[in-house]
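What follows is a short report on a single structure.
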Amino acid sequence: MQEYPTLAAVDLGSNSFHLQVGRVEGDQLYYLDAIKESVRLAGGLTENKRLDGPSQRRALNCLSRFGERLRGMQPGAVRAVGTSALRVARNSADFLEKARAALGFDIEIVAGREEARLIYLGVSHSLPLTRKPQLVVDIGGGSTECIIGVGYEARERESLRMGCVVFSRQFFPGGLVDKAAMKAAEIAARIEIRTVTAGQFQAGAWETAVGSSGTAKALGEICRQNGFSDGAITLDGLKWLRERLIKAGDVDHLNIPGLKADRKPVVTGGLGIMLALFLELGIDTMAAAQGAMREGILWDLLGRVHDRDMRDVTVNQFQRRYQVDTRQAVRVERLAVSLFAALEGHLAEDPGDALRRLAWAARLHEVGISIAHAGLHKHGAYILENADMPGFSRRDQTRLAALVRASRGGLDKLILGHDDPNWPEILCLRLAVLFHASRGDAPLPDLRLECDGGACRLRLPAAWLRANPLTRAMLDEELGDWARVAPTTRLVGIEARDE
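Reminder that position 497 of the sequence shown reads as 544 in our numbering, one-by-one numbering, no gaps.
Okay, here's the thing in structure tokens:
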């Protein structure tokens with residue numbers, strides 16, 4: 048993969064948007080520019096889960112400013128990630144189209160557990176390396192991520208549906224605070240936390256607790272400036288802040304050292320969640336870390352550049368978990384990748400991205416066999432669509448699942464329109480699966496896939512076709528499938544050539 052002297056990460060959080068730029072020196076990152084803007088995207092979610100106009104305008108204006116800073120950078124050097132608010136917004140697809148235009152780069156939406164992995168990656172790189180288990184908690188605007196990790200590896204990851212923006216709006220409308228509202232917020236948070244405490248997230252499963260992002264930093268600073276700690280978050284400090292808020296009755300009437308004006312609109316919801324975490328998880332004190340998801344995105348991007356792509360690790364793990372026949376996967380991958388060279392000129396995206404996706408699909412095209420052989424491509428697509436796949440965005444998983452779904456079976460049941468951008472990958476994968484149907488290591492003939500304006504012809508030695516009538520019949524059936532969905536393009540001919 049191409050190396051870049053500078054990398055950039057954009058974190059489209061539910062409360063704030065962040066831009067972090069880093070300089071690459073070998074295997075190390077040195078942080079340069081860091082820009083943060085309060086957007087409160089989650090605060091713009093209407094009752095029917097749609098982003099309202101003002102929140103979209105704030106977001107797009109911010110992204111335009113970020114885009115100016117990123118101008119001139121290569122697409123492979125920038126990664127932009129959307130989180131909770133964009134996961135739940137029903138009009139996120141429409142918004143993302145405008146957001147990508149404003150930023151000038153692609154934007155991915157990641158699942159909650161993938162967000163948790165990136166958070167841990169950023170936090171762990173901001174702390175002294177340790178082999179002792181540590182708990183990392185990140186209270187965002189729309190969700191809260193909890194991770195237990197060792198070193199740079201996240202071992203347990205959960206994403207809870209509670210955030211400082213959402214809770215502040217739900218329980219403390221207009222900034223009004225009373226004892227009943229605070230109790231209701233804490234109870235709601237404790238109920239959500241208990242969905243994970245039956246598993247690995249139990250007191251004693253870690254040695255240190257660390258908080259990241261705005262809520263943790265703000266609460267740590269309040270504890271420090273009011274004499275409760277040297278910057279850590281303490282239970283006594285949280286209880287004191289709760290009493291001060293209740294006594295004030297309105298967050299705007301509370302003026303204490305460490306509480307900044309831009310944090311006031313969301314401090315109540317963040318406090319309620321943090322108190323619930325301390326009580327449910329048995330936390331006494333929590334350090335506030337400097338690293339967060341934006342740094343994690345940068346480190347993950349650096350790994351991709353240096354061929355330490357987490358997605359490759361995940362694919363290998365899935366092969367083991369679902370007992371994939373790796374020899375067959377290698378056969379299919381080699382042929383699919385070889386055929387793909389003839390189609391690179393017909394791609395609507397970076398050939399490197401499509402080639403990586405094709406290779407992953409070839410390695411995983413038989414994961415569904417762990418459920419049943421009949422319909423294994425459908426089972427495999429379901430697994431890849433719904434499984435927790437570290438390193439993959441939602442769109443990555445959806446496209447990978449669609450490719451595996453199309454690896455065999457009839458094409459007419461797939462939504463494969465004339466302008467489907469994935470057809471080159473689908474064609475190469477299907478042909479590779481077809482030619483390796485016998486699952487043996489017998490040498491293949493000299494296959495030539497020749498394309499002209501999107502119309503592809505597969506040329507093979509005539510003698511080989513005569514000697515392999517079953518494969519010839521399968522190829523004729525494949526040609527018929529493509530003729531039904533794309534009569535004048537894609538695979539339009541199987542031609543025998545004399546040696």
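Think of the CB as a built atom: it goes at the ideal place given N, C-alpha and C, for glycine as much as any other residue.
Residue of 518, 360 and 469 minimising C-alpha distance to residue 491: Considering only alpha carbons, the answer is 518.
Cβ neighbour criterion (16 or more within 10 Å) applied to residue 360: exposed
At least three beta-carbon pairs within less than 8 Å, the stretch 215-231 to the stretch 275-286: no
Cβ shell of residue 139 (< 6 Å), same chain only, five flanking positions each side left out: 133
Residue 471 versus 81, 214, 271 and 389, residue with shortest Cα-Cα distance: 389
CA-to-CA distance, residue 112 to residue 244, given in whole angstroms: 41 Å
Cβ-Cβ distance between residue 83 and residue 135 below 8 Å: no
Own chain residues within Cβ distance below 7 Å of residue 379, not counting five before or after: 409, 412, 479, 480 and 483
Member of 309, 183 and 415 whose CA lies at the smallest distance from the CA of residue 330: 183
Of the residues 511, 529 and 489, the one placed nearest residue 504, counting alpha carbons only: 529
DSSP beta-bridge partners of residue 333: 280
Residues near residue 387 by beta carbon distance below 8 Å, same chain, minus five either side: 401, 402, 405, 471, 472 and 475
Inter-stretch contact at 8 Å, needing at least 3 Cβ pairs: the stretch 170-188 / the stretch 96-111: Taking 8 Å as the limit for Cβ pairs, the verdict is that the stretch 96-111 does not touch the stretch 170-188.
Residue 61 in three-state terms, based on DSSP: coil
Close beta carbons around residue 53, own chain, < 8 Å, minus the five adjacent residues each side: 68, 69, 70, 71, 79, 120 and 124
Nearest to residue 304 (by Cα), restricted to the options 197, 284, 293 and 269: 269
Span separating the alpha-carbon of residue 137 from that of residue 93: 10 Å
Option in 75, 62 and 73 with minimal Cα separation from residue 109: Among 75, 62 and 73, the Cα nearest to that of residue 109 is on 62.
Span separating the alpha-carbon of residue 205 from that of residue 541: 50 Å
Distance, residue 487 Cα to residue 174 Cα: 50 Å
Per-residue DSSP class, three states only, for residue 506: strand
Nearest-angstrom beta carbon gap, residue 218 and residue 320 [assumed within contact, 8 Å]: At roughly 10 Å, the Cβ-Cβ gap does not stay under 8 Å, so residue 320 and residue 218 are not in contact.
The stretch 197-204 contacting the stretch 156-164, beta-carbon criterion three pairs below 8 Å: Because the criterion of three Cβ pairs below 8 Å is met, the stretch 197-204 and the stretch 156-164 touch.
Residue 309 burial status per 10 Å Cβ neighbour count (16 or more: buried): exposed
Under the three-state DSSP convention, the category residue 268 falls into: helix
DSSP beta-bridge partners of residue 243: In the DSSP output, where bridge partners are listed per residue, residue 243 has none listed.
Residue from 496, 514 and 515 with nearest C-alpha to residue 506: 496
Identity of the residues DSSP links to residue 259 by a beta bridge: Residue 259 has 185 as its beta-bridge partners, per DSSP.
With 16 other Cβ atoms within 10 Å as the buried cut-off, status of residue 212: buried
Rounded distance between the beta-carbons of residue 441 and residue 148, thought under 8 Å: Wrong, their Cβ atoms sit about 20 Å apart, outside the cutoff.
Where residue 85 falls: helix, strand or coil (DSSP): strand
Sub-8 Å separation of residue 224 and residue 297 beta-carbons: yes
CB contact flag (residue 545, residue 514, <8 Å): Not closer than 8 Å, so no.
Helix, strand or coil at residue 215 according to DSSP, with G and I counted as helix: helix
Span of the alpha helix (DSSP H), counted from its first residue to its last, around residue 347: 340-352
Cβ-based burial, residue 242 [other Cβ within 10 Å; buried from 16]: exposed
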